[in-house]
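Undergrad: Take this structure, written in structure tokens, and hold onto it; I'll ask about it next.
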DNA sequence: GATAACTAGTACGCCAGTGTACGAGTTAGC
DNA sequence: GCTAACTCGTACACTGGCGTACTAGTTATC
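Chains as they are written, first to last, in the working numbering: chain A, 15 to 210; chain B, 15 to 210.
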């Protein structure tokens, strides 16, 4: 279920245009979650029919774009050092995650709309697991609170990240300040305000 | 711009069906943000045409539903005591707000999709202002952090509330626990985790 | 009880976006 | 350089929801 393509043999040019289409999809959907298949085709410099030649339906294309974005994210997040002080590790993780989320917030929205319930989460487990593990580790050392469900904390972090992206989009948050704001918010969220 | 109806004279039965339609709209949209005009009409026990007799377009109907929901919210929130200890006041405010948000989360989403950018915010200022004022007061007394923009804090609270509603909808958060979780999360968010 | 307001059904035009069909041109790969 | 794969345009069917038109029946309200 990794990179085993359903169609074993494909011509090089096909491969190339698929790449371009997926890239375009990522790009368009990251700006407008309702981007049309036609929009994406145009952005890829390709006919709409070509798109349908490789992706049966729009949802399928959205999923491909998402998977690609997640893969890129994994690559980036994989390099983050999660050892050592839990809070500092969280800061590092957030610093890296933030850019990714900010960039792909709309894409996430798109996926949420067309993918079957739960599918997104399924694809997204990698990132979520990373956060969850770190939180658990932090809890064990009393660096993070334990009075709230871990699931909630993990998702709350997501909501904050997503929210910050939204705020920027609406011009209510200074992009230059965002990373700091997000980190500060999350850190305190993970700390009980009235004792551990 | 308050309750000055554009049409001065209306028959009693018309008034009644408008009420029923708006109520139905609130109800339907609170469950499915994509609810159709027809769905709403059916739920109101009324023909689709009757709906169009009172609301020119779907967005107009959505707005009416939203306004009604907000009015109900105002009524409830107006009774909350915001004096005294800022943190306790915030807890009280959250306890009341929570139920409202949980109930109308989907309606908010619907509004966000069809209303022109910013319109929602415009209608929603009442609630936002209340939170903002309270936060400012809390900051003045060093009860709340001052290292982050107030605007952000206010909106972050919204995102958390909205997120919690989503989590419940997906069965990932126990509704009975939600109020406590939300309150705890927000309270710590409003407190700097490394000194005021 | 006359009148205007309201309800409501059916039928329609419209629109945008999806996905299909066909067919002609182009290009990679052996 | 032959063949199969690929590209891509035009055209079209389909869908679902919106909003309009017309018409007939009902019901407040004076």
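For glycine and all other residues, C-beta sits at the position ideal for the given N, C-alpha and C.
#1: Using a Cβ-Cβ cut-off of 8 angstroms, state whether residue 203 of chain A counts as contacting chain B.
#2: 8 angstroms is my cut-off, CB to CB: does residue 166 of chain B come that close to chain A?
#3: Could you name the residues of the stretch 166–190 of chain B whose beta carbon sits closer than 9 angstroms to any beta carbon of chain A, in the order they occur along the chain?
#4: Quick check on residue 152 of chain B: buried or exposed, where buried means 16 or more other Cβ atoms within 10 Å of its Cβ?
#5: Ignore the nearest five residues each way along the sequence and tell me which others in residue 134 of chain A's own chain have a CB closer than 7 angstroms to its CB.
#6: Quick one: give me the first and last residue of the alpha helix (DSSP H) that residue 202 of chain A is part of.
#7: Given residue 11 of chain B, which residues of its chain have a CB within under 7 angstroms of its CB, disregarding the five upstream and five downstream residues?
#8: Using the Cβ count rule (16 or more neighbours within 10 Å means buried), how would you classify residue 14 of chain B?
#9: Could one say the Cβ of residue 8 of chain B lies closer than 8 angstroms to chain A's Cβ atoms, at least one of them?
#10: The alpha helix (DSSP H) with residue 225 of chain B in it runs from where to where?
#11: Which residues mark the beginning and the end of the alpha helix (DSSP H) in which residue 124 of chain B is found?
#12: Given this structure, state the Cα-to-Cα distance separating residue 77 of chain A from residue 95 of chain B, to the nearest angstrom.
#13: Under DSSP, the alpha helix (DSSP H) around residue 60 of chain A begins and ends at which residues?
#14: From residue 103 of chain B to residue 148 of chain B, what does the alpha carbon distance come to, in whole angstroms?
#15: Do you know whose CA, among B:116, B:195 and B:67, lies nearest residue 43 of chain B's CA?
#16: Closer than 7 angstroms, Cβ to any Cβ of chain A: which residues of the stretch 93–127 of chain B, in chain order?
#17: Taking just the CA atoms, how far does residue 68 of chain B sit from residue 61 of chain B?
#18: Would residue 128 of chain A pass as a contact of residue 73 of chain A if the rule is Cβ separation under 8 angstroms?
#19: Who are the Cβ neighbours of residue 123 of chain B in its own chain at under 6 angstroms, not counting the five residues just before and after it?
#20: Can you list, in chain order, the residues of its chain with a C-beta nearer than 8 angstroms to that of residue 31 of chain B? Leave out the 5 residues immediately preceding and following it.
#21: What do you reckon, are the CB atoms on residue 197 of chain B and residue 108 of chain B nearer than 8 angstroms?
#22: Less than 8 angstroms between CB atoms is the rule here; does residue 10 of chain A satisfy it with respect to chain B?
#23: Can you pull the chain A neighbours of residue 195 of chain B, defined as C-beta to C-beta under 8 angstroms?
#24: With DSSP as the reference, label residue 83 of chain A as helix, strand or coil.
#25: On the DSSP letters alone, give me the boundaries of the alpha helix (DSSP H) that residue 94 of chain B sits inside.
#26: Going by beta-carbon coordinates alone, are residue 114 of chain A and residue 167 of chain A separated by less than 8 angstroms?
#27: Which value, in whole angstroms, describes the spacing of the CA atoms of residue 120 of chain A and residue 169 of chain A?
TA: Taking the definition as stated:
#1: At least one chain B Cβ lies under 8 angstroms of residue 203 of chain A.
#2: The beta carbon of residue 166 of chain B falls within 8 angstroms of a beta carbon belonging to chain A, placing the residue at that interface.
#3: 166, 167, 169, 170, 172, 173, 174, 176, 177, 178, 180, 181, 184, 186, 187 and 188
#4: buried
#5: Contacts found: 125 and 126.
#6: 189–203
#7: As shown, chain B starts at 15 and ends at 210. That puts residue 11 of chain B outside it, with no answer to give.
#8: Since the displayed chain B opens at 15 and closes at 210, residue 14 of chain B lies outside it and no answer follows.
#9: Look at the range of chain B in this structure, 15 to 210, and you will see that residue 8 of chain B is not part of it.
#10: With chain B covering only 15 through 210, there is no way to say anything about residue 225 of chain B.
#11: Segment 100–128, the alpha helix (DSSP H) holding residue 124 of chain B.
#12: 48 angstroms
#13: Careful: residue 60 of chain A lies outside any alpha helix (DSSP H) and carries neither H nor E.
#14: For residue 103 of chain B and residue 148 of chain B, the distance between alpha carbons rounds to 8 angstroms.
#15: B:116
#16: For the stretch 93–127 of chain B, which is checked against every Cβ of chain A, not one residue is closer than 7 angstroms.
#17: 12 angstroms
#18: Going by beta carbons, residue 128 of chain A and residue 73 of chain A fall inside the 8 angstroms limit.
#19: 47
#20: Excluding positions up to five away in sequence, the list reads 58, 60, 64 and 68.
#21: yes
#22: No statement about residue 10 of chain A is possible, as the shown extent of chain A runs from 15 to 210 and does not include it.
#23: 162, 163 and 166
#24: helix
#25: Looking at the DSSP string, residue 94 of chain B is not in any alpha helix (DSSP H), and its letter there is neither H nor E.
#26: no
#27: Going by the C-alpha atoms only, they are around 17 angstroms apart.
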